[in-house]
Each structure stands twice: as C-alpha cells, then as structure tokens.
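K.L.:
Sharing a structure, written as structure tokens. Questions coming.
Protein chains: 2
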Amino acid sequence: MLLQLDFSSEIPIYLQIRNQIVIGIAEGQLKPGDKLPTIRALAQEAGINMMTVNKAYALLKQEGHIIADRRSGAAVSGIPLEGGLDEKEKEALRLLVSQAKLSGMKLNELLELCTAYYENEEEER
Amino acid sequence: MLLQLDFSSEIPIYLQIRNQIVIGIAEGQLKPGDKLPTIRALAQEAGINMMTVNKAYALLKQEGHIIADRRSGAAVSGIPLEGGLDEKEKEALRLLVSQAKLSGMKLNELLELCTAYYENEEEER
DNA sequence: CTTTTTGTATTATTTATTATAATACAAAAT
DNA sequence: ATTTTGTATTATAATAAATAATACAAAAAG
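Order-wise, the sequence lines are chains X and W. To convert, take the position in the first sequence, counting from 1, and add 93; that gives this note's numbering. To convert, take the position in the second sequence, counting from 1, and add 93; that gives this note's numbering.
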C-alpha cells in the first residue's frame, strides 16, 4: 500500500491520500485490522507536512473507514458501513454517467467498467 | 433548463454551472442546437459575476459540449464526441465504485443506478 | 450607419482553501 | 523514564475562486 501523490494535480494532497486508502480498502489491498503507516512516517516518506496526513486520517476516521486510538496508530476499521451512497456521491455518479454517455461510451461498456472496478480484489491494474 | 446553485457547496460555482449543463445535455433537457442563456443574462439571473459564468462556458466550449461564436451566443454543440472517459474520469469512477462498495451497495444495485442515470431522458427525478 | 448585444480578454482585489511550520499534550508502548 | 502516537492550536504562505471594472471586435438590430 504505497501512495502515489501528484503534486501538480488539482485534487488536494490530503484528498489524494484519503481516496487512495478508500480504494485500497475497497479493492482488498488493505484488509480489516491492517495497520496504516503512522502520520509522521507517511508524511516523511511522502515529503509532506504532518498535518496534511492528519487531515486525511481524520477524514477517514470520521467516515468510519479507519480506527485511530491515540497510540497504537491507525488501522482499517472492518466494521461494515451501510446506507449506500449519499446524495452528494449519487450526484457525482450521475455526472460521471453523463460524461461517459457524452464521450461516446455505451451503457454496457460503462457497466462492464463499473463491474471490473467493483469486483477488483488484489490483482493489479 | 434552470440552474440550481448552492453557494455553500464545496464545488466551485463555475463547475456547478458546467456540471449541470453537461447533465442537461446528457439527459436530453438540452438538445443539439439549443441556445444557452447569454453569459450576462445567466450571471444576472443567478446573481453572480459575469466572469464566473464565462469560466463555465469557456470550459464547456473547450470540452466540445457547446459552440460559442462571438455574437449569436452559445449553443449546444451536437457534434458527437468520442474516445470514452479519460484517465481522470476513470479514476473518479473507480473511487465512486469503491465508495459504493464500502457503503454496502451491492453490484447489481450500483449497475441499476448507473443504468437509470444513463437511460434517463426527459423525465424528472 | 449607428447603436446594442455578444463572447472574450485583461487587471486588480477580496475571500476561501490548502499546505506548511512550530509546538504542545495525553496516552500508551518500550 | 523515554519515546512514539494521534490530536490540537496558532500562525503564515501559497493557491484558487469569485468579484469588479473595463475594454474590444464582431455581428445583429434599428
């Protein structure tokens, strides 16, 4: 589970960290109970500020994806979430589907792409 | 085609405008050749600055969604695009699929939601 | 032909967000 | 007792977004 940060991206660094960890959990590279690197270690490794990593971890904790006791570090939660996508996420999906449609992608292509992402476990892309 | 702007959203206003027009085109409320409101009219109606609307229109033009001659105003392009989603968009989709999975949504639910968005033409949600 | 309207462009300023920096604290492991 | 941990605070710098005030050329309207 190594992070690939793009400092010229328009996506804030703390969000890139958060997003890659979410994807890592969903795709199985990170399993329930797995420990995450410490905030300081990750910051140093990535050459960024501690508080930037902290912001990502705080968000992941708030979302229920990780548990972070003071001391013992942060670990993947393992407690299954429920309720499906929230309204913001659905609207983002709606936008992406619209963009796919306008880009010439057919419905079955889109569904296959979603399926490939959803079922992806372990194997690389 | 009236816009719903959320000034407390974390999504920039110019992007909200761009996104809603993209969705409008994809879902058929806006059809090829349809004229968009003028930059000034839309800015006044929405109570925002002209340059904010201009930024949205410039983006839509650059993406090929609208045509904007100097004078005659802006109109929906109608020229079909090709090539499918780009890498950034695919990564955004991958993230959303991950979030859906972690939120407890099953694959078939996700595919049905995508299908509903994709096939949506005219009818309200 | 004159006036108005259009998208486009420029420059400056304000505001909000992001990232960095320097510390500090309490809890737990070593 | 010391170190390491997540967490918290405060300040500052850097970047992005929005507003504001104009201006221009092209085309439509009169």
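Positions of the beta carbon are idealized from the N, C-alpha and C atoms, including for glycine.
Put residue 128 of chain W into one of helix, strand or coil per three-state DSSP.
P.N.:
In the structure shown, residue 128 of chain W sits in a strand (DSSP, three-state: E or B).
K.L.:
Please report the distance separating the alpha-carbon of residue 185 of chain W from that of residue 147 of chain W.
P.N.:
Rounded to the nearest angstrom, the two C-alpha atoms are 25 Å apart.
K.L.:
Buried or exposed for residue 189 of chain W, going by 16 or more other Cβ atoms inside 10 Å?
P.N.:
Its Cβ being crowded by 16 or more others within 10 Å, residue 189 of chain W is buried.
K.L.:
Could you give the distance in angstroms between the alpha-carbon of residue 111 of chain W and the alpha-carbon of residue 117 of chain W?
P.N.:
So the two alpha carbons sit approximately 10 Å from each other.
K.L.:
Have a look at W/201, W/199 and W/213 and flag the residue whose alpha-carbon is nearest the alpha-carbon of residue 187 of chain X.
P.N.:
Of the candidates W/201, W/199 and W/213, the one whose C-alpha sits nearest the C-alpha of residue 187 of chain X is W/213.
K.L.:
Distance check for residue 155 of chain W and residue 136 of chain W, CA to CA, integer angstroms please.
P.N.:
Roughly 20 Å between the two C-alpha positions.
K.L.:
Quick check on residue 170 of chain X: buried or exposed, where buried means 16 or more other Cβ atoms within 10 Å of its Cβ?
P.N.:
Classification of residue 170 of chain X: buried, given that the 10 Å Cβ count is 16 or more.
K.L.:
Tell me, which residues are paired with residue 167 of chain X by DSSP?
P.N.:
According to DSSP, residue 167 of chain X bridges with X/161.
K.L.:
Could you please give the first and the last residue of the uninterrupted alpha helix (DSSP H) stretch that includes residue 123 of chain W?
P.N.:
Residue 123 of chain W -> no alpha helix (DSSP H), and no H or E assigned at all.
K.L.:
Can you tell me whether residue 109 of chain X is buried or exposed, with buried defined as 16 or more other CB within 10 angstroms of its CB?
P.N.:
Residue 109 of chain X is buried by the Cβ-count criterion.
K.L.:
Given residue 172 of chain X, which residues of its chain have a CB within under 7 Å of its CB, disregarding the five upstream and five downstream residues?
P.N.:
Cβ within range, chain order: 157.
K.L.:
Between residue 167 of chain X and the rest of its own chain, which residues show a CB-CB distance below 6 Å, the 5 nearest in sequence each way excluded?
P.N.:
129, 150, 159 and 161, listed in sequence order.
K.L.:
9 Å is my cut-off, CB to CB: does residue 127 of chain W come that close to chain X?
P.N.:
Residue 127 of chain W does not count as touching chain X.
K.L.:
Could you list which residues in chain W have their beta carbon closer than 8 Å to that of residue 168 of chain X, in chain order?
P.N.:
Correct list: empty, because the minimum Cβ distance to chain W is about 16 Å.
K.L.:
What are the boundary residues of the alpha helix (DSSP H) that residue 95 of chain W is part of?
P.N.:
No alpha helix (DSSP H) holds residue 95 of chain W; DSSP gives it neither H nor E.
K.L.:
State yes or no: is the beta carbon of residue 150 of chain X nearer than 9 Å to at least one beta carbon in chain W?
P.N.:
False, the Cβ-Cβ gap to chain W never drops below 9 Å.
K.L.:
Which residues in the same chain as residue 113 of chain X place their Cβ atom closer than 8 Å to its Cβ, once the five residues preceding and following it in sequence are excluded?
P.N.:
Once the five neighbours on either side are set aside, the close Cβ partners of residue 113 of chain X are 96 and 97.
K.L.:
Hey, how far is the Cα of residue 180 of chain W from the Cα of residue 194 of chain X?
P.N.:
Cα to Cα, the separation comes out at about 15 Å.
K.L.:
Going along the chain, which residues of its own chain have a beta-carbon closer than 6 Å to the beta-carbon of residue 125 of chain W, five neighbours each way excluded?
P.N.:
These residues qualify, in order along the chain: 169 and 171.
K.L.:
Taking its Cβ as the centre, do 16 or more other Cβ atoms sit within 10 Å of residue 237 of chain W, making it buried, or is it exposed?
P.N.:
The first residue shown for chain W is 94 and the last is 218, placing residue 237 of chain W beyond what the model contains.
K.L.:
Residues in its own chain within less than 7 Å of residue 115 of chain X by CB, not counting five upstream and five downstream?
P.N.:
These residues qualify, in order along the chain: 158.
K.L.:
Which residues in the same chain as residue 101 of chain W place their Cβ atom closer than 7 Å to its Cβ, once the five residues preceding and following it in sequence are excluded?
P.N.:
Within the same chain, residue 101 of chain W has no close Cβ partners at all.
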